[in-house]
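> Here the UniProt record's numbering is used: position 36 in the sequence shown is 36, and no number is missing along the way.
A virtual CB, placed ideally from N, CA and C, is assigned to each residue, including glycine.
No experiment lies behind these values; they were computed from the predicted model shown.
Can you keep this structure in mind? I'll have questions shortly.
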Amino acid sequence: MSWKKTSHSSESRQIRASKESIVAFLHDPNKFFLLSSLVASVDPVPDTPGSWTVIHLIPTACWKTAVTSHVVSTFRVDGITSVVTAKSMGFTVTTSSTFTVDEMEKNVCEVVEESSVTGNILMMPYINATHSSSHRKLFDRLKERLENEAK
1 MSWKKTSHSS
11 ESRQIRASKE
21 SIVAFLHDPN
31 KFFLLSSLVA
41 SVDPVPDTPG
51 SWTVIHLIPT
61 ACWKTAVTSH
71 VVSTFRVDGI
81 TSVVTAKSMG
91 FTVTTSSTFT
101 VDEMEKNVCE
111 VVEESSVTGN
121 ILMMPYINAT
131 HSSSHRKLFD
141 RLKERLENEA
151 K
């Protein structure tokens with residue numbers, strides 16, 4: 001029996017900004033990754049283009065636990081795909097997220113995230129709840145930031 005489970009989710013927002021400005025923002029890890037309510041720091045991995053070490057502060061019952069993750073991103077003309085691997089206390093969680101920007105009309109785009117999360121089956125309710133909450137906040141912050149910059 002495998003102790004791993006994978007879940008899939010999708011999130012989207014309409015953002016009043018140009019496709020070029022949204023894609024440029026997604027391609028800047030120091031801006032984009034730090035929109036997450038869980039991310040404390042982002043550092044490029046030397047000599048490994050498209051790779052970062054990210055420190056997440058994961059909420060637990062009474063405190064936050066620092067978890068180091070490795071992120072590998074592929075920059076696409078219409079967005080970004082990132083694979084995050086985090087290991088903590090003997091558990092590994094892997095998240096793959098693809099953000100795609102579709103222009104609906106001039107300066108109005110839909111940003112769609114398709115993601116999958118794989119982790120220990122016993123931890124998945126907590127992992128999914130934390131992932132969903134943080135990515136909803138990330139989308140809200142992305143929308144607010146880009147729409148304010150577009151004004």
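Residues in the same chain with beta-carbon distance under 7 Å from N30, minus the five sequence neighbours each way, listed in chain order, please.
For the purposes of this step, residue 30 is taken as residue 30 along the sequence shown, with counting starting at 1. The residues are V42.
> Return the chain-ordered list of same chain residues with a C-beta closer than 6 Å to the C-beta of H131, the five sequence neighbours on each side being excluded.
The residue labelled residue 131 in the question sits at position 131 within the sequence shown. If we look at H131 and ignore the five residues flanking it on each side, its Cβ neighbours are V117.
> Could you tell me the alpha carbon to alpha carbon distance between V101 and T95, rounded to whole angstroms?
Locating residue 101 in the sequence shown gives position 101, where the first residue counts as 1. Locating residue 95 in the sequence shown gives position 95, where the first residue counts as 1. If I take the Cα positions, the gap works out to 20 Å.
> In whole angstroms, what is the alpha-carbon distance linking S12 and K143?
Taking the first residue of the sequence shown as 1, we reach residue 12 at position 12. Taking the first residue of the sequence shown as 1, we reach residue 143 at position 143. Each residue's alpha carbon lies about 10 Å from the other.
> DSSP state of L57, grouped into three classes?
Within the sequence shown, residue 57 is the residue found at index 57, counting from 1. Looking at L57 - three-state DSSP - the assignment turns out to be strand.
> Check each candidate in G90, F75, V45, S97 and name the one with the smallest Cα separation from V84.
On the sequence shown, position 84 is the one that residue 84 refers to. Closest option to V84, Cα to Cα, is S97.
> A17 and L138: beta carbons closer than 9 Å?
Counted from its first residue, the sequence shown places residue 17 at position 17. Counted from its first residue, the sequence shown places residue 138 at position 138. Contact: no.
> If you follow the beta strand (DSSP E) that F75 is part of, which residue opens it and which one closes it?
Here residue 75 refers to the residue found at position 75 of the sequence shown. That run of the beta strand (DSSP E) goes 64–76.
> Please state whether the Cβ-Cβ distance between A150 and S21 is less than 9 Å.
Here residue 150 corresponds to residue number 150 of the sequence shown, with the count starting at 1. Here residue 21 corresponds to residue number 21 of the sequence shown, with the count starting at 1. The answer is yes: Cβ separation under 9 Å.
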